[in-house]
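2 protein chains.
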Amino acid sequence: MKLRVVVIGANAAGAKAAAKAKRMNPHAEVTLIDRGNFISYGACGIPYFVSDTVADVKELMSTPVGVIRDANFFKKVKGVDVITGTEAIGIDRQTKTVQLLGNEGSKSFSLEYDRLVLATGSSPTLPPLKNRELVNILTVKAIEDAELLKEQAVAGKAACIVGGGLIGLETAEALKKKGMKVTVVEMRDQLLPGVLDPEMASLVEKHIRQNDVEVMTSCRVIGFDGTLEVRKVLTERGEVPADLVVLAPGVTPNAKLAAEAGLEIGATGAIAVDARMRTSDPAIYACGDCCETTHLVTGRKTYFPLGSTANKQGRVAGINAAGGDATFAGILGTSIVRVFSINAGRTGLTETEARAQGYDIEAVLSPAPDRAHFFPGAKPIALKLVAERSTGRVLGLQAVGEGAVDKRVDAAAAAITFGATADQLSHLDLAYAPPYSAAMDNLIVAADILKNKLAGHAKGISPRKVKQMLDEGDDFILLDVRSPAEHAEVGIEGATLVPLGILREKLEGLPRGREIVAFCKVSLRGYEAQKILEAAGFENAKFMDGGIMTWP
Amino acid sequence: MKLRVVVIGANAAGAKAAAKAKRMNPHAEVTLIDRGNFISYGACGIPYFVSDTVADVKELMSTPVGVIRDANFFKKVKGVDVITGTEAIGIDRQTKTVQLLGNEGSKSFSLEYDRLVLATGSSPTLPPLKNRELVNILTVKAIEDAELLKEQAVAGKAACIVGGGLIGLETAEALKKKGMKVTVVEMRDQLLPGVLDPEMASLVEKHIRQNDVEVMTSCRVIGFDGTLEVRKVLTERGEVPADLVVLAPGVTPNAKLAAEAGLEIGATGAIAVDARMRTSDPAIYACGDCCETTHLVTGRKTYFPLGSTANKQGRVAGINAAGGDATFAGILGTSIVRVFSINAGRTGLTETEARAQGYDIEAVLSPAPDRAHFFPGAKPIALKLVAERSTGRVLGLQAVGEGAVDKRVDAAAAAITFGATADQLSHLDLAYAPPYSAAMDNLIVAADILKNKLAGHAKGISPRKVKQMLDEGDDFILLDVRSPAEHAEVGIEGATLVPLGILREKLEGLPRGREIVAFCKVSLRGYEAQKILEAAGFENAKFMDGGIMTWP
Ligand SMILES: Cc1cc2nc3c(=O)[nH]c(=O)nc-3n(C[C@H](O)[C@H](O)[C@H](O)COP(=O)(O)OP(=O)(O)OC[C@H]3O[C@@H](n4cnc5c(N)ncnc54)[C@H](O)[C@@H]3O)c2cc1C
Ligand SMILES: Cc1cc2nc3c(=O)[nH]c(=O)nc-3n(C[C@H](O)[C@H](O)[C@H](O)COP(=O)(O)OP(=O)(O)OC[C@H]3O[C@@H](n4cnc5c(N)ncnc54)[C@H](O)[C@@H]3O)c2cc1C
Ligand SMILES: CC(C)(COP(=O)(O)OP(=O)(O)OC[C@H]1O[C@@H](n2cnc3c(N)ncnc32)[C@H](O)[C@@H]1OP(=O)(O)O)[C@@H](O)C(=O)NCCC(=O)NCCS
Ligand SMILES: CC(C)(COP(=O)(O)OP(=O)(O)OC[C@H]1O[C@@H](n2cnc3c(N)ncnc32)[C@H](O)[C@@H]1OP(=O)(O)O)[C@@H](O)C(=O)NCCC(=O)NCCS
Ligand SMILES: [Ca+2]
Ligand SMILES: [Ca+2]
Numbered sequence: 001m002k003l004r005v006v007v008i009g010a011n012a013a014g015a016k017a018a019a020k021a022k023r024m025n026p027h028a029e030v031t032l033i034d035r036g037n038f039i040s041y042g043a044c045g046i047p048y049f050v051s052d053t054v055a056d057v058k059e060l061m062s063t064p065v066g067v068i069r070d071a072n073f074f075k076k077v078k079g080v081d082v083i084t085g086t087e088a089i090g091i092d093r094q095t096k097t098v099q100l101l102g103n104e105g106s107k108s109f110s111l112e113y114d115r116l117v118l119a120t121g122s123s124p125t126l127p128p129l130k131n132r133e134l135v136n137i138l139t140v141k142a143i144e145d146a147e148l149l150k151e152q153a154v155a156g157k158a159a160c161i162v163g164g165g166l167i168g169l170e171t172a173e174a175l176k177k178k179g180m181k182v183t184v185v186e187m188r189d190q191l192l193p194g195v196l197d198p199e200m201a202s203l204v205e206k207h208i209r210q211n212d213v214e215v216m217t218s219c220r221v222i223g224f225d226g227t228l229e230v231r232k233v234l235t236e237r238g239e240v241p242a243d244l245v246v247l248a249p250g251v252t253p254n255a256k257l258a259a260e261a262g263l264e265i266g267a268t269g270a271i272a273v274d275a276r277m278r279t280s281d282p283a284i285y286a287c288g289d290c291c292e293t294t295h296l297v298t299g300r301k302t303y304f305p306l307g308s309t310a311n312k313q314g315r316v317a318g319i320n321a322a323g324g325d326a327t328f329a330g331i332l333g334t335s336i337v338r339v340f341s342i343n344a345g346r347t348g349l350t351e352t353e354a355r356a357q358g359y360d361i362e363a364v365l366s367p368a369p370d371r372a373h374f375f376p377g378a379k380p381i382a383l384k385l386v387a388e389r390s391t392g393r394v395l396g397l398q399a400v401g402e403g404a405v406d407k408r409v410d411a412a413a414a415a416i417t418f419g420a421t422a423d424q425l426s427h428l429d430l431a432y433a434p435p436y437s438a439a440m441d442n443l444i445v446a447a448d449i450l451k452n453k454l455a456g457h458a459k460g461i462s463p464r465k466v467k468q469m470l471d472e473g474d475d476f477i478l479l480d481v482r483s484p485a486e487h488a489e490v491g492i493e494g495a496t497l498v499p500l501g502i503l504r505e506k507l508e509g510l511p512r513g514r515e516i517v518a519f520c521k522v523s524l525r526g527y528e529a530q531k532i533l534e535a536a537g538f539e540n541a542k543f544m545d546g547g548i549m550t551w552p
Numbered sequence: 001m002k003l004r005v006v007v008i009g010a011n012a013a014g015a016k017a018a019a020k021a022k023r024m025n026p027h028a029e030v031t032l033i034d035r036g037n038f039i040s041y042g043a044c045g046i047p048y049f050v051s052d053t054v055a056d057v058k059e060l061m062s063t064p065v066g067v068i069r070d071a072n073f074f075k076k077v078k079g080v081d082v083i084t085g086t087e088a089i090g091i092d093r094q095t096k097t098v099q100l101l102g103n104e105g106s107k108s109f110s111l112e113y114d115r116l117v118l119a120t121g122s123s124p125t126l127p128p129l130k131n132r133e134l135v136n137i138l139t140v141k142a143i144e145d146a147e148l149l150k151e152q153a154v155a156g157k158a159a160c161i162v163g164g165g166l167i168g169l170e171t172a173e174a175l176k177k178k179g180m181k182v183t184v185v186e187m188r189d190q191l192l193p194g195v196l197d198p199e200m201a202s203l204v205e206k207h208i209r210q211n212d213v214e215v216m217t218s219c220r221v222i223g224f225d226g227t228l229e230v231r232k233v234l235t236e237r238g239e240v241p242a243d244l245v246v247l248a249p250g251v252t253p254n255a256k257l258a259a260e261a262g263l264e265i266g267a268t269g270a271i272a273v274d275a276r277m278r279t280s281d282p283a284i285y286a287c288g289d290c291c292e293t294t295h296l297v298t299g300r301k302t303y304f305p306l307g308s309t310a311n312k313q314g315r316v317a318g319i320n321a322a323g324g325d326a327t328f329a330g331i332l333g334t335s336i337v338r339v340f341s342i343n344a345g346r347t348g349l350t351e352t353e354a355r356a357q358g359y360d361i362e363a364v365l366s367p368a369p370d371r372a373h374f375f376p377g378a379k380p381i382a383l384k385l386v387a388e389r390s391t392g393r394v395l396g397l398q399a400v401g402e403g404a405v406d407k408r409v410d411a412a413a414a415a416i417t418f419g420a421t422a423d424q425l426s427h428l429d430l431a432y433a434p435p436y437s438a439a440m441d442n443l444i445v446a447a448d449i450l451k452n453k454l455a456g457h458a459k460g461i462s463p464r465k466v467k468q469m470l471d472e473g474d475d476f477i478l479l480d481v482r483s484p485a486e487h488a489e490v491g492i493e494g495a496t497l498v499p500l501g502i503l504r505e506k507l508e509g510l511p512r513g514r515e516i517v518a519f520c521k522v523s524l525r526g527y528e529a530q531k532i533l534e535a536a537g538f539e540n541a542k543f544m545d546g547g548i549m550t551w552p
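Top line first, the protein sequences correspond to chains A and B. Here the first sequence is numbered in my numbering, starting from 1 and rising by one per residue. Here the second sequence is numbered in my numbering, starting from 1 and rising by one per residue.
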């Protein structure tokens with residue numbers, strides 16, 4: 001008899017699993033089920049559809065050559081049977097049947113499987129908020145949401161985005177581009193809280209504000225006000241007028257079907273799977289946003305729902321469900337977002353996450369042009385590299401700026417996957433020509449600084465700490481080693497100017513006993529100043545990580 | 001007594017070594033010597049200065065904040081003494097002295113060292129050619145060359161570039177941008193012979209021709225003709241008119257000083273060094289274009305002179321010369337070039353190189369948009385991935401196209417450094433959002449195809465082989481599985497059209513016994529066709545690697 005593979009959920013993970021299962025085992029009968037009407041669409045493209053960057057929503061459901069991926073396509077091209085508008089409401093693991101219910105109260109029916117793949121995805125997390133049911137309070141997840149949101153995005157009106165994460169910020173940009181007045185409200189004290197450390201996130205926040213989007217952090221939403229239609233968002237810090245509200249507070253795995261069938265659910269709340277994407281039932285696999293995975297740095301289970309991962313896991317689940325053998329090792333929490341013209345990405349652990357996991361870490365801030373500084377179009381990017389102090393193992397990279405952050409994130413992701421140390425990272429043979437990077441790529445420089453810090457050669461101090469010391473009137477010298485012109489253009493109050501080029505001559509004038517913190521634009525010269533001061537016998541010389549470029 | 005570190009050669013490797021040695025050991029006396037008048041300049045920027053992309057040659061010698069790196073800068077900022085216009089003409093290893101000779105016949109003098117660093121770089125390789133001494137036959141290496149070349153780049157006149165390597169092509173673009181008629185003459189049967197496999201190089205060649213540069217491959221230059229000034233380049237295949245000739249035939253390590261001092265020279269002709277960049281004399285280090293290094297894939301010694309490597313090696317040599325301890329493991333031959341609007345890069349071994357080294361390999365061609373196909377600005381790139389068949393270890397990646405090839409090369413470089421297999425490459429957690437890549441990055445897709453080939457699931461055949469089969473009238477069916485519209489737009493003569501969407505219905509019409517080679521735009525659908533045919537019992541079904549996009 002033919003192997004019957006049933007896949008529940010027909011978006012990224014499920015569609016991938018089904019297509020791959022059929023290619024893997026052409027004699028299998030593969031059935032793909034979804035409760036929705038749209039399948040196999042790029043949810044990630046929704047913000048770009050809303051902003052008119054993508055003209056037609058069909059583009060999000062088409063192949064690169066413009067063929068729509070509907071049920072007919074899956075049948076004709078992939079050899080997969082698709083049933084849409086049909087929800088899986090129960091799994092009987094004894095009889096290996098799935099209970100299905102069609103839309104609009106049609107009778108339920110059941111389907112037998114030899115192998116079941118759960119790809120039920122995730123749903124926006126919706127905390128109970130007062131007057132949540134008012135019209136114009138939307139979420140962004142499915143094609144229907146996208147169309148609704150685009151309709152409601154009326155120029156001149158006010159939009160409030162609840163949640164300053166990846167989807168929140170992309171939506172903020174989209175609505176701004178549609179001419180709306182946009183406010184982002186975030187409960188935590190920074191944007192992109194699960195993604196970046198505070199000082200990196202503040203670079204993004206600055207950019208967003210410059211693009212005329214209001215940002216309110218440390219601000220919890222209590223509920224909404226309005227009659228029929230929403231008019232205000234009520235927060236702990238007052239009211240925000242809003243004709244449109246987008247809730248983007250993160251997502252929750254759709255694990256209920258699995259849980260009710262008695263499958264093991266992980267501590268993350270998502271379906272537990274092994275490296276072969278198998279659940280606690282050997283006949284059932286799970287993949288994508290509905291299941292958890294392993295973090296390759298910590299080795300711990302984690303929930304990190306992304307379309308990239310959903311596709312990879314779907315492929316593995318599809319292979320195994322069809323009788324093949326494949327494994328998926330895990331993820332690094334790699335994520336990236338463009339908001340207006342700033343790019344922000346990370347891979348591995350942030351400093352905050354690493355500390356929370358108990359690592360003793362060293363961190364580096366390194367801002368620099370993204371290619372040869374003399375090459376037209378060079379744009380700044382700031383890197384933050386985090387390593388374990390005892391081993392020098394790189395734990396994570398963050399990158400923010402108008403230049404090419406994605407390639408630094410990808411190269412770091414590859415290196416971190418293999419447990420690279422700072423020294424190994426610093427010697428990667430990355431591609432250099434002036435249009436692409438400096439002779440020493442930003443990643444190489446960051447790794448060198450990290451090595452210097454780990455070896456005690458470089459003594460950095462974070463800009464936030466310096467600011468605190470200034471605010472608290474601490475006794476230290478803040479030494480600006482830039483040129484007088486740079487100093488005049490933008491400075492830090494309380495700083496003493498001694499350009500690096502004359503520092504060696506001016507050492508006499510500096511007090512020996514006190515702490516000296518040198519800085520420049522990025523703190524390359526700040527570091528050189530530290531070295532010069534130390535060589536001259538100054539015992540408490542440091543530089544400010546990242547210089548003016550990462551000054552809060 | 002102070003440690004005396006003498007560095008010969010004050011460009012990338014030497015300047016880096018000197019600066020780092022001083023930071024490492026502030027009590028050392030570091031002296032940096034160069035026979036030229038310009039030091040610490042970005043030779044890589046020369047083509048961009050010639051094309052007026054970079055306005056002032058000083059930008060190539062400046063720090064990112066615009067300070068010129070001259071002798072004064074090195075003294076004031078880096079604490080390094082610089083002597084320019086002075087050639088090292090001999091090393092007495094017994095007495096640890098370097099023999100120096102100033103320009104213009106000044107008397108020679110000597111300098112004692114405790115540690116010597118050789119960073120003498122490379123010079124253009126100049127084969128003996130008839131009438132080589134004619135005016136307007138130039139090379140591109142130093143600042144003086146750059147200025148001369150820019151002067152001679154007269155709009156409307158004819159330039160001939162001898163050598164279709166990285167520097168040759170960058171120079172061709174620069175001269176074209178200055179309005180010259182440009183011909184590139186290359187002895188080998190493809191452009192970028194040391195960098196790309198033929199089918200990848202031909203994508204570059206096509207682009208260059210479209211930009212109105214003549215390309216003559218398999219064409220050996222014999223000499224030149226003209227009176228005083230050059231007028232013609234004489235080749236085995238006829239004459240090429242030329243008012244300006246640029247010789248860009250590759251470079252030779254400046255190893256004479258080392259060789260005469262009895263230091264070991266490697267089989268590559270460059271100075272032999274260990275992982276600490278130490279020569280056969282424990283007091284003498286070498287770094288940059290003058291020395292050889294280890295290829296991380298083959299483990300063999302290789303000569304691969306690049307500015308990126310020169311800087312890294314300089315830093316290691318500087319640390320060790322100053323009494324510290326650092327190592328440099330080796331390189332992957334990573335290189336990249338932009339010519340007009342095409343980017344071409346590689347890391348690791350090409351197919352040609354891998355076969356020459358005796359590897360049994362599998363290769364993949366995978367062309368695709370460089371980001372979500374629906375995202376504006378998406379541009380095609382073609383990847384070629386090469387792996388060792390027995391182990392699945394990735395040996396090399398090549399990437400060519402108008403889109404972002406650099407980041408795929410960098411991520412692959414990182415992965416190959418750690419011996420990644422195709423499976424590991426396919427699961428890298430690369431950064432995905434629509435502005436940056438598809439949900440499955442090009443590299444992930446290429447790795448999946450590779451896995452399919454290694455496992456026997458995918459049966460590819462190279463476009464060159466298909467062309468040969470067509471030319472020789474072989475008995476096979478070339479199956480175009482694209483849409484009728486695509487087929488009408490650009491096709492391959494002799495191909496049979498059966499769009500993928502109706503292939504399952506048209507199987508009856510196809511002969512069972514014969515070889516069938518399916519293709520589409522990139523061969524994703526070609527591969528699906530292979531799977532469909534196989535499932536239906538066709539035993540000799542294949543797809544054409546890379547589809548129409550890599551058709552010769
Ligand atoms: C606005 C937005 C932007 C995003 N941007 C990015 C990005 O830039 N990069 C990135 O990597 N990811 C991004 N994502 C996340 C990405 O879209 C998801 O990770 C991906 O869609 C997950 O795929 P999935 O198939 O696992 O789950 P889902 O996409 O959630 O699909 C699950 C499917 O299962 C169906 N289903 C659920 N339960 C049942 C049931 N009981 N019976 C039948 N059918 C059921 C649902 O109808 C749905 O179609 C973004 C998401 C959104 C919303
Ligand atoms: C046009 C062009 C484009 C390039 N593009 C790239 C690119 O895109 N990417 C890349 O990575 N690389 C590129 N390179 C290569 C890069 O410039 C070199 O790899 C780099 O300059 C090597 O640095 P080095 O210090 O080892 O040697 P060199 O730059 O050759 O410097 C050696 C120095 O030593 C001096 N010297 C030699 N012998 C003596 C002696 N006996 N006494 C005193 N002084 C001596 C010379 O005067 C010279 O200043 C390019 C090169 C050129 C010419
Ligand atoms: C597209 C989708 C249905 C998956 O179906 P699929 O058939 O596996 O995917 P594709 O049509 O891209 O085909 C990929 C296959 O072609 C192969 N392929 C791709 N390019 C190829 C080429 N040039 N030559 C040969 N094979 C190629 C791949 O290796 C893969 O085969 P494999 O899985 O057997 O290794 C699923 O990914 C999907 O629904 N995506 C849209 C939703 C989404 O991804 N959302 C998340 C982001 S917002
Ligand atoms: C510039 C050059 C002289 C090297 O000098 P250098 O002092 O080592 O280099 P920089 O001025 O860039 O300073 C780099 C130092 O600052 C550190 N640094 C850079 N940014 C920093 C930051 N934000 N915070 C702290 N330290 C920083 C680096 O780690 C490095 O120190 P280290 O070597 O001790 O680790 C040499 O590379 C050169 O001549 N380059 C031009 C020629 C060339 O590269 N050609 C090839 C390409 S065409
Ligand atoms: Ca170059
Ligand atoms: Ca996104």
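Glycine included, C-beta positions come from ideal geometry on N, C-alpha and C. Quantities reported herein were computed from a predicted structural model and do not represent experimental measurements.
Under DSSP, D225/A shares a beta bridge with K232/A.
Taking all protein chains shown into account, R300/B has fewer than 16 neighbouring C-beta atoms within 10 Å of its C-beta and is therefore exposed. Judged by beta-carbon spacing, A19/B lies beyond the 8 Å limit of V5/B, meaning their Cβ atoms are not closer than that value. Distances from the CA of S62/B to each of G42/B, W551/B and G179/B were compared; the closest alpha carbon is that of G42/B.
Within a 10 Å sphere around the beta-carbon of D243/B sit 16 or more other beta-carbons, which makes this residue buried. Ranked by how close their Cα comes to the Cα of A455/B, the residues V204/B, A363/B and I319/B have A363/B in first place.
Here the region 354-370 of chain A lies against the region 380-389 of chain A, with 3 or more beta-carbon pairs under 8 Å apart.
Residue environment for G358/A: exposed (fewer than 16 other C-beta atoms within 10 angstroms of its C-beta). For R338/A, the chain B residues whose Cβ falls inside 9 Å of its Cβ are A433, P434, P435 and Y436, in order along the chain. CA-CA distance, T391/B to T421/B, rounds to 7 Å. Fully contained in the region 280-321 of chain A are the following beta strand (DSSP E) runs of length 3 or more, in chain order: 284-286. Pairing A529/B with L500/B gives a Cβ-Cβ distance under 8 Å.
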